[in-house]
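Q: Before I ask anything, here is the structure I am working with.
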Amino acid sequence: GDSVTQMEGPVTLSEEACLTINCTYTATGYPSLFWYVQYPGEGLQLLLKATKADDKGSNKGFEATYRKETTSFHLEKGSVQVSDSAVYFCALYFNTGNQFYFGTGTSLTVIP
Amino acid sequence: DAGVTQSPTHLIKTRGQQVTLRCSPKSGHDTVSWYQQALGQGPQFIFQYYEEEERQRGNFPDRFSGHQFPNYSSELNVNALLLGDSALYLCASSWMGYQTGELFFGEGSRLTVL
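Okay, structure coming up:
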């Protein structure tokens, strides 16, 4: 079935370090791919998305490229900040079914 | 512009009881989806409501039911509560006419079943 596998956390980084959170997916069709972020005490928020192969989503210094050949959508940031501390969820979405499949989430803590 | 609002924010129930959770979608949205997020897990799709009807359903038993009202707000009902129903219940809204996949989530209702 359709599913998302995310890098397990928690991840702890020093401020200004590089971040990569791995995400791979299994899908029978052609999904859109998303990263959602959940800051402490808040609801999930869309971070970035890509709707087709080779698309790159970007927002707030984060980037992810939809790689069909490796079925991956890894999240990257070149220099993390303390304010990036949150839980990050990779998700796939089929607009025909209008349903999301979320990964288990990766907790990131950035220390000064 | 109010975002998605959910109530109550926290509640405690005992096994066998029933619970009702409420959600008001973001202004301009007509579709409400409900997700269950167990501790340490990603959100799992329960069901989606549009035009006051259940349109899609995930792999959840019939103990989970819902309703959507003419003003697009929604309720999630869970009967015969089990310990395993303890979770954060998230409501997400969207506009059916523009299915980009972007959902707007509320902060959730945290249910503890004792």
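Protein chains in written order, with this note's numbering: chain A, 1 to 112; chain B, 113 to 226. Ideal Cβ positions, reconstructed from N, Cα and C, are used throughout, including at glycine. Here the structure is a predicted model, which is why all the values come from computation and not from measurement.
1. Given that residue 42(A) touches chain B, what residues does it touch there, using C-beta distances under 8 Å?
2. Using only CA atoms, which one of 93(A), 88(A) and 102(A) lies nearest to residue 40(A)?
3. Since residue 155(B) contacts residue 202(B) with CB under 8 Å, what's their CB separation in whole angstroms?
4. Using DSSP bridges, identify the partner residues of residue 187(B).
5. Starting from the Cα of residue 161(B), find the closest Cα among 190(B), 186(B), 116(B) and 124(B) and give me that residue.
6. If you draw a straight line from the C-alpha of residue 145(B) to the C-alpha of residue 27(A), how long is it?
7. So residue 143(B) and residue 221(B) are supposed to be a Cβ contact under 8 Å. How far apart are they, rounded?
8. Please work out which residues of its chain come closer than 6 Å, Cβ to Cβ, to residue 172(B), disregarding the five sequence neighbours upstream and downstream, and give them in chain order.
9. Which residues in chain A sit within 7 Å of residue 144(B), going by Cβ to Cβ distance?
10. Which whole-angstrom value describes the C-beta separation of residue 117(B) and residue 225(B), a residue pair presumed to lie in contact below a C-beta threshold of 8 Å?
11. Which two residues bound the contiguous beta strand (DSSP E) that contains residue 56(A)?
12. Looking at the C-beta of residue 28(A), does it have a partner C-beta in chain B at a distance below 8 Å?
13. Do three or more CB pairs link the stretch 45–54 of chain A to the stretch 6–26 of chain A at distances below 8 Å?
14. Can you say whether residue 60(A) is buried or exposed, counting buried as having 16 or more other CB atoms within 10 angstroms of its CB?
15. Is the CB of residue 61(A) under 8 Å away from at least one CB in chain B?
16. Tell me which residues of the stretch 143–172 of chain B have at least one Cβ-Cβ distance to chain A shorter than 9 Å, keeping chain order.
17. Along chain A, in chain order, which residues have C-beta atoms closer than 9 Å to that of residue 116(B)?
A: In short, the structure shows the following:
1. Start at 1 with the first residue of the first sequence, and residue 42(A) comes out as number 42. Residues of chain B passing the Cβ test: 219.
2. Walking along the first sequence from the start, residue 40(A) turns up at place 40. The candidate whose alpha carbon is nearest that of residue 40(A) is 88(A).
3. Position 43 of the second sequence holds residue 155(B). Position 90 of the second sequence holds residue 202(B). Rounded, the Cβ-Cβ distance is 6 Å, consistent with contact.
4. By one-based count along the second sequence, residue 187(B) stands at place 75. The partner list for residue 187(B) (beta bridge, DSSP) reads 134(B) and 179(B).
5. Mapped onto the second sequence, residue 161(B) falls at position 49. Among 190(B), 186(B), 116(B) and 124(B), the Cα nearest to that of residue 161(B) is on 186(B).
6. For the purposes of this step, residue 145(B) is taken as the residue at position 33 of the second sequence. For the purposes of this step, residue 27(A) is taken as the residue at position 27 of the first sequence. Computed Cα separation, rounded: 21 Å.
7. Looking up residue 143(B) in the second sequence gives position 31. Looking up residue 221(B) in the second sequence gives position 109. The pair is not a contact, with the Cβ atoms about 19 Å apart (cut-off 8 Å).
8. What you label residue 172(B) is simply residue 60 of the second sequence in a count that begins at 1. The answer, listed in chain order, is 158.
9. Translated into positions along the second sequence, residue 144(B) becomes position 32. Identification of chain A residues near residue 144(B) by a Cβ-Cβ cut-off of 7 Å yields none; the smallest Cβ-Cβ distance measures about 12 Å.
10. To locate residue 117(B), count along the second sequence from 1; it is residue 5. To locate residue 225(B), count along the second sequence from 1; it is residue 113. Rounded, the Cβ-Cβ distance is 23 Å, inconsistent with contact.
11. Within the first sequence, the letter at position 56 stands for residue 56(A). First-last of the beta strand (DSSP E) with residue 56(A): 56–59.
12. For the purposes of this step, residue 28(A) is identified with residue 28 of the first sequence, where counting begins at 1. Output row for residue 28(A): interface = no.
13. no
14. Taking the first sequence and counting its residues from 1, the one referred to as residue 60(A) is at position 60. Its Cβ having fewer than 16 others within 10 Å, residue 60(A) is exposed.
15. Mapped onto the first sequence, residue 61(A) falls at position 61. So, not an interface residue.
16. 143, 145, 147, 149, 152, 153, 154, 155, 156, 157, 160, 162, 167, 168 and 170
17. Looking up residue 116(B) in the second sequence gives position 4. In chain order: 43.
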